[in-house]
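Okay, so here's the structure we're looking at.
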Amino acid sequence: PIISANWDFGDGQNSSILNPTHIYAASGTYNVIVSITTQFGSGSSSRQIIINPKPILIINQTTLKQCDDDLDGYSSFNLLEANSLIVSNPSAVTFAYFETLQEAQDVTNEILNTTNYTNQVVNSDTLFVRVTNANGCYRIAQLDLIVSTTLIPSSFQKIYTECDNAISGS
117 PIISANWDFG DGQNSSILNP THIYAASGTY NVIVSITTQF GSGSSSRQII INPKPILIIN
177 QTTLKQCDDD LDGYSSFNLL EANSLIVSNP SAVTFAYFET LQEAQDVTNE ILNTTNYTNQ
237 VVNSDTLFVR VTNANGCYRI AQLDLIVSTT LIPSSFQKIY TECDNAISGS
């Protein structure tokens, strides 16, 4: 059995816990060293680990607005329109859309119809966009959907007239 262990995580942090957990503050390459002592002596081992960066989001929360054509509070959204609002280089990452934060975290019940999604709550809705880079690292952004309804009846008409000014030739 191990009597003691001393960990050097390569970022200036250390631990003497036998089975520690460690969170790195920044991405990078780190040399992790553990030195152990047993009843038979001591030894050490090292391993280089790479902490990959998460995707960089321009904004953590954005909004898409859509007009309501039949005054019911529901409209069809192209969710892909949010991609360039969330990251500066959409082609470098993948996007997945979810109705709840928990689903986005667990990658369950992904919205598959991203170009013709209808909001589930009258006049608004909140979705979550999981943005994943090539290393499998991800961040989640909030996408608010707003449906703009109008009270102008379809029979409303306004007629405008303009007089011709023959002197100026127009």
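According to the numbering used here, the sequence shown is numbered sequentially starting from 117.
For glycine and all other residues, C-beta sits at the position ideal for the given N, C-alpha and C.
Here the structure is a predicted model, which means the values were calculated and not measured.
The bridge partners DSSP lists for I262 are K181 and S240. Taken through DSSP and simplified to helix, strand or coil, S161 comes out as strand. When I167, T231, Y254 and S192 are compared, the shortest CA-CA separation from D222 is found for Y254. With fewer than three CB-CB distances shorter than 8 Å, the region 216-235 does not count as touching the region 155-165. Here A198 carries a helix assignment [DSSP, helix/strand/coil]. Here the region 205-225 lies against the region 233-249, with 3 or more beta-carbon pairs under 8 Å apart. For a cut-off of 8 Å, the C-beta gap from F214 to N199 is around 15 Å, too long to register as a contact.
For the 8 Å CB-CB criterion, L134 and A142 do not form a contact. For A220, the enclosing alpha helix (DSSP H) starts and ends at L217 to D222. The C-beta of F156 has fewer than 16 other C-beta atoms within 10 Å across all chains shown, which makes the residue exposed.
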